[in-house]
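According to our numbering, the sequence shown is numbered sequentially starting from 454. Built from N, CA and C at the ideal position, the CB exists for glycine as well. Worksheet for the structure shown next.
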Amino acid sequence: MTTPRKHARLIKAWADGAEIQYRNNIGSDWTDISAPNFLDDFEYRIKPNHTVLYTRVTGFAEVPSSRTRPGLKSWGIRSGRAYEFSDISDNLKLTFNADTHKLIAAEVLI
454 MTTPRKHARL IKAWADGAEI QYRNNIGSDW TDISAPNFLD DFEYRIKPNH TVLYTRVTGF
514 AEVPSSRTRP GLKSWGIRSG RAYEFSDISD NLKLTFNADT HKLIAAEVLI
């Protein structure tokens, strides 16, 4: 039985269309690369997907989305009375960087 090459899994993923990133030492930033050489001295990875959060924002409260948390029923309190937010659609899409978890985009959904 033969031993697979160091980057075999990533080479196969790249051949199947995955986006690849590299860095030359630990602590440096990951960089997109369209035609990787898969050198032993470099680190490679499949480019991670950014995290997308859909949510609802009302005039008085942020309401978690059932898209983000399936099956969630959202409730709020106004003037001392509880009610369900089921009639409010997601109205905000937030995109976070997969590495830093910082907000990179915000889109108001109409």
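Query                                                                                                      : Result
Spatial distance of TRP467 from PRO457 (CA atoms)                                                          : 16 Å
Spatial distance of GLU560 from ASP493 (CA atoms)                                                          : 41 Å
Beta carbon of ARG476 nearer than 8 Å to that of PHE491                                                    : no
ASP485 beta carbon less than 8 Å from that of GLU472                                                       : yes
For ARG462, the nearest candidate out of ILE479, GLY480, ILE499, ILE563 (CA to CA)                         : ILE499
Start and end residues, alpha helix (DSSP H) containing LEU463                                             : 461 to 468
Contact set for THR548: own chain, Cβ-Cβ below 6 Å, skip 5 residues either direction                       : HIS503, VAL505, ILE557, ALA558
Of the residues HIS460, SER542, LEU562, GLY480, the one placed nearest ASP552, counting alpha carbons only : GLY480
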